[in-house]
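Take 1 as the starting number for the sequence shown in full-length UniProt numbering and just add one per residue.
First up is the structure itself, then whatever we jot down about it.
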Amino acid sequence: MVVGDLALDLETVVVGSGPGGYVAAIRAAQLGQKVAIIEKEYIGGVCLNVGCIPSKALINAGHVYHSALTGDQFGITASDVKIDFAKTQEWKDTQVVNKLTSGIEYLLKKNKVEIIRGEAFFIDESSLRVMEEDGPGQTYNFKNAIVATGSRPIEIKGFKFGQRIINSTGALNLKEIPKEMVVIGGGYIGSELAGAFANLGTKLTILEGSSQIIPTFEKDMVKLVEKEFKSKGVDIVTNAMAKNAEVNGDRVTVTYEVDGKENKIESDYVLVTVGRRPNTDELGLEVAGVEMTDRGMVVVDNQGRTNKKNIFAIGDIVAGAALAHKASYEGKVAAEAIAGQTSVIDYVAMPSVCFTDPELASVGHTKASAKEAGLSVNVSKFPFSGNGRALSLGQAEGFVRLVTTKEDNVIVGAQVAGPSASDVLAELTLAVEGGLNAEDIALTIHSHPSLAETIMDTAELVLGHPIHI
1 MVVGDLALDL ETVVVGSGPG GYVAAIRAAQ LGQKVAIIEK EYIGGVCLNV
51 GCIPSKALIN AGHVYHSALT GDQFGITASD VKIDFAKTQE WKDTQVVNKL
101 TSGIEYLLKK NKVEIIRGEA FFIDESSLRV MEEDGPGQTY NFKNAIVATG
151 SRPIEIKGFK FGQRIINSTG ALNLKEIPKE MVVIGGGYIG SELAGAFANL
201 GTKLTILEGS SQIIPTFEKD MVKLVEKEFK SKGVDIVTNA MAKNAEVNGD
251 RVTVTYEVDG KENKIESDYV LVTVGRRPNT DELGLEVAGV EMTDRGMVVV
301 DNQGRTNKKN IFAIGDIVAG AALAHKASYE GKVAAEAIAG QTSVIDYVAM
351 PSVCFTDPEL ASVGHTKASA KEAGLSVNVS KFPFSGNGRA LSLGQAEGFV
401 RLVTTKEDNV IVGAQVAGPS ASDVLAELTL AVEGGLNAED IALTIHSHPS
451 LAETIMDTAE LVLGHPIHI
């Protein structure tokens, strides 16, 4: 009898090694669980290999190239600036992605997490089978399972993925810089990649179905991104309905409709970024009796537990934004719940960031959502043009905004549009999480000159005694 015919016993098994899965596995191991993690493709998941990490590397490469071309304001003129895109991609893959994936594999082994390669299928609520590419497969019994299988790009009718019609993974792995590209969908992913390629010299057109790109952010924030796009020759078409794309050799013709009028546009590539679909359709969760929605999302409680008390689900396959840090947070809570702790998920201080030019970042309430929640709030806004560090960087566009309660100036929300907004937001996320008020921030000494001083300046504005405005 071969080993594959005998079921092996596991204590806690994690399916998927993305930012939710590997964090959950390590946290469970730290809490004394014997843990195995199953991965069918690559350690680190989509985010690390073909998502948030390589996209930021490409965005940075675009910034370096664009800065070399536009240094006149600093008195720097560079001639004959060239980019070897093959070297750019090699740097992205070897010096960024590979280093991080090997680092995660090291951390899993350090915490004695067993790594099982293959694709998992649930047999029932306490066992699953892992199929290897060329092997017979192996059945495992488990006490607890955390499902963290992530999501994949949605392919829409009329836009079948191929060499010229690509998704975000295809865009990140291009061998050449497109001369022209049409982006279908101007959300987070579409706008970030459009910004990267615009900086690399691509002529971009964004077709967005709603009235503005990046619709999850407020209009005054998005206008700054639209202004920057316009300065780089990016065309933005809103309220556009993409109909189909026709490939002819190395060119693609996109047909779209605006206000009932049909239009056509040609490009080298079409990038489709209209959302992502949860990877739950081939897991056998329904066989295990796990409750799911019609859209394939797993229904969970505030610890990530499904209707099967020993099976948990986290990340893109459960409700909420498809964010890596959300998945990691949920993974920790699920691992702690398995260990008997009382941790629960609370999204009140869940930050969101879009890595455009400029960066956009938000946490907690906006003015509109605060009103919907029945809160009486004030809104205070300080411009980066009043910040010495921003001016010295040549990046003075944007602002920091605080949403505070009228009664006691508690910070219930914040938005940042400007340089390094993703990092500036961290202090404000802590403020929302900790229930701090504007005085707590204003009395905190901030280093000078720094972008973070804008937070202190905004807090002083809340209190009615601003120094720099």
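Idealized CB from N, CA, C, for every residue including glycine.
From Lys157, Arg401, Gln303, pick the residue whose C-alpha is nearest to that of valine 363; which is it?
For the purposes of this step, residue 363 is taken as residue 363 along the sequence shown, with counting starting at 1. Nearest C-alpha to valine 363: Arg401.
Just to confirm, is the Cβ distance from isoleucine 83 to leucine 172 under 8 angstroms?
Translated into the one-based positions of the sequence shown, residue 83 becomes position 83. Translated into the one-based positions of the sequence shown, residue 172 becomes position 172. Cβ atoms of isoleucine 83 and leucine 172: not closer than 8 angstroms.
Name the two residues that bound the continuous alpha helix (DSSP H) containing proline 419.
Your numbering for residue 419 matches position 419 in the sequence shown. No alpha helix (DSSP H) holds proline 419; DSSP gives it neither H nor E.
Straight-line CA distance for valine 2 to isoleucine 154?
One-based indexing of the sequence shown puts residue 2 at position 2. One-based indexing of the sequence shown puts residue 154 at position 154. For valine 2, the pLDDT reaches just 46, beneath the cut-off of 50, and the residue's location in the model is therefore unreliable, although a value from the coordinates is still provided. When rounded, the distance between both Cα atoms is 40 angstroms.
What does the Cβ neighbour count give for isoleucine 236, buried or exposed, with the cut at 16 atoms within 10 Å?
Position 236 of the sequence shown, counting from 1, holds the residue named residue 236. Flag for isoleucine 236 reads buried.
Bridge partners of valine 14, per DSSP?
Along the sequence shown, read from residue 1 onward, the residue named residue 14 stands at position 14. Valine 14 is bridged to Ile37, Ile146.
Quick check on the burial criterion: 16 or more other C-beta atoms within 10 angstroms. Buried or exposed for valine 222?
Along the sequence shown, read from residue 1 onward, the residue named residue 222 stands at position 222. Buried.
Using the DSSP secondary-structure output, state which residues sit across from valine 363 in a beta bridge.
Here residue 363 is taken as the residue at index 363 of the sequence shown, counted from 1. Looking at the DSSP output, valine 363 bridges to Ala414.
Going along the chain, which unbroken runs of the beta strand (DSSP E) with 3 or more residues stay wholly within the segment 241 to 275?
Complete beta strand (DSSP E) runs here, min 3: 251 to 258, 261 to 267, 269 to 272.
Simplified DSSP state of proline 54, which is helix, strand or coil
Against the sequence shown, residue 54 aligns to sequence position 54. The answer is helix: DSSP assigns proline 54 an H, G or I state.
Nearest-angstrom Cα separation, counted from phenylalanine 85 out to alanine 414
The residue labelled residue 414 in the question sits at position 414 within the sequence shown. The residue labelled residue 85 in the question sits at position 85 within the sequence shown. So the two alpha carbons sit approximately 38 angstroms from each other.
Per DSSP, what kind of secondary structure is methionine 221 in: helix, strand or coil?
Start at 1 with the first residue of the sequence shown, and residue 221 comes out as number 221. Methionine 221: helix per DSSP, three-state reduction.
Cβ neighbours of alanine 452 in the same chain (closer than 7 angstroms, five flanking residues each side left out):
Taking the first residue of the sequence shown as position 1, residue 452 is located at position 452. The answer, listed in chain order, is Val424, Glu427, His446.
Report the rounded CA-to-CA distance for isoleucine 115 versus proline 358, giving the unit in angstroms.
For the purposes of this step, residue 115 is taken as residue 115 along the sequence shown, with counting starting at 1. For the purposes of this step, residue 358 is taken as residue 358 along the sequence shown, with counting starting at 1. For isoleucine 115 and proline 358, the distance between alpha carbons rounds to 40 angstroms.
Buried or exposed: threonine 12, going by 16 or more other Cβ atoms within 10 Å of its Cβ?
Within the sequence shown, numbered from 1, the residue matching residue 12 stands at position 12. Flag for threonine 12 reads buried.
Between the Cα of residue 470 and the Cα atoms of Asp134, Val97, Val377, Ala24, which residue gives the shortest distance?
Past the edges of the chain, shown from 1 to 469, lies residue 470, and the structure says nothing about it.
Below 7 angstroms CB to CB, which residues in the same chain sit around glutamate 460 once its five sequence neighbours on both sides are set aside?
The count along the sequence shown starts at 1 and reaches residue 460 at position 460. Answer for glutamate 460: Ala442, Pro466, Ile467, listed in chain order.
My output table needs one value for tyrosine 106: the three-state DSSP class, helix, strand or coil.
Residue 106 sits at position 106 when you count from the first residue of the sequence shown. The answer is helix: DSSP assigns tyrosine 106 an H, G or I state.
How is valine 237 classed by DSSP in three states: helix, strand or coil?
Taking the first residue of the sequence shown as 1, we reach residue 237 at position 237. Note: valine 237 maps to strand in three-state DSSP.
Indicate the three-state DSSP secondary structure (helix, strand or coil) for methionine 1 in the structure shown.
For the purposes of this step, residue 1 is identified with residue 1 of the sequence shown, where counting begins at 1. Low per-residue confidence applies at methionine 1: pLDDT is 34, beneath 50, and the placement is therefore not dependable, though the value from the model is reported in the following sentence. Coil at methionine 1, not helix or strand.
Report yes if the C-beta of asparagine 167 is less than 7 angstroms from at least one heavy atom of the ligand NAP; otherwise report no.
Because no ligand of any kind appears in the structure shown, any question about the ligand NAP cannot be addressed here.
Should phenylalanine 74 be flagged as near chain B, meaning a C-beta pair shorter than 8 angstroms?
Reference to chain B is not applicable here, since this structure consists of a single protein chain.
For valine 81, name the three-state secondary structure that DSSP assigns.
Position 81 of the sequence shown, counted from the start, is the residue given in the question as residue 81. If DSSP states are grouped into helix, strand and coil, valine 81 belongs with coil.
Straight-line CA distance for serine 422 to aspartate 9?
As a working note, residue 422 is residue 422 in the sequence shown. As a working note, residue 9 is residue 9 in the sequence shown. Serine 422 and aspartate 9: Cα-Cα distance of roughly 43 angstroms.
Could you pull out every residue in the same chain whose Cβ sits closer than 6 angstroms to the Cβ of lysine 381, ignoring the five residues on either side in sequence?
Reading the sequence shown from its first residue, position 381 is the one you call residue 381. Scanning its chain for C-beta atoms nearer than 6 angstroms, with the 5 sequence neighbours on each side dropped, one finds around lysine 381 the residues Phe399, Arg401, in chain order.
Candidates Leu31, Gly20, Ile314: closest to isoleucine 43 by CA position
The residue labelled residue 43 in the question sits at position 43 within the sequence shown. Residue Gly20 is the option with its Cα nearest to isoleucine 43.
Could you tell me how far apart the beta carbons of glutamine 163 and glycine 394 are, in whole angstroms, since I believe they sit closer than 8 angstroms?
Residue 163 sits at position 163 when you count from the first residue of the sequence shown. Residue 394 sits at position 394 when you count from the first residue of the sequence shown. Contact flag wrong, Cβ pair sits at about 39 angstroms.
Does the separation of the CB atoms of isoleucine 314 and glycine 296 fall below 8 angstroms?
Position 314 of the sequence shown, counted from the first residue, corresponds to residue 314. Position 296 of the sequence shown, counted from the first residue, corresponds to residue 296. Taking the C-beta atoms as reference points, glycine 296 is found no nearer than 8 angstroms to isoleucine 314.
Does the Cβ of tyrosine 256 have 16 or more other Cβ atoms within 10 Å, making it buried, or fewer, making it exposed?
Here residue 256 refers to the residue found at position 256 when the sequence shown is read from its first residue. Burial call: buried.
Pairs of beta-carbons, one from the segment 203 to 210 and one from the segment 228 to 248, closer than 8 angstroms: are there three or more?
yes
Using the three-state DSSP reduction, which class does phenylalanine 229 fall into: helix, strand or coil?
Position 229 of the sequence shown, counted from the first residue, corresponds to residue 229. In the three-state reduction of the DSSP assignment, phenylalanine 229 falls in the helix class.
Would you grab the beta carbon distance between isoleucine 184 and valine 274 for me? Rounded to a whole angstrom, and I think it's under 8 angstroms.
As a first step, residue 184 is located in the sequence shown; it is residue number 184 there, counting from the start. As a first step, residue 274 is located in the sequence shown; it is residue number 274 there, counting from the start. With a Cβ gap of about 6 angstroms, isoleucine 184 and valine 274 count as contacting.
One or two residues paired with lysine 203 in a DSSP bridge
As a position in the sequence shown, residue 203 is number 203, starting the count at 1. Paired residue(s): Glu180.
Express the C-alpha separation of alanine 148 and threonine 139 in angstroms, rounding to a whole number.
As a first step, residue 139 is located in the sequence shown; it is residue number 139 there, counting from the start. As a first step, residue 148 is located in the sequence shown; it is residue number 148 there, counting from the start. Near 19 angstroms, if we compare the C-alpha coordinates of alanine 148 and threonine 139.
How should alanine 321 be labelled, buried or exposed, when 16 other C-beta atoms within 10 angstroms of its C-beta is the threshold for buried?
Within the sequence shown, the letter at position 321 stands for residue 321. Alanine 321 is exposed by the Cβ-count criterion.
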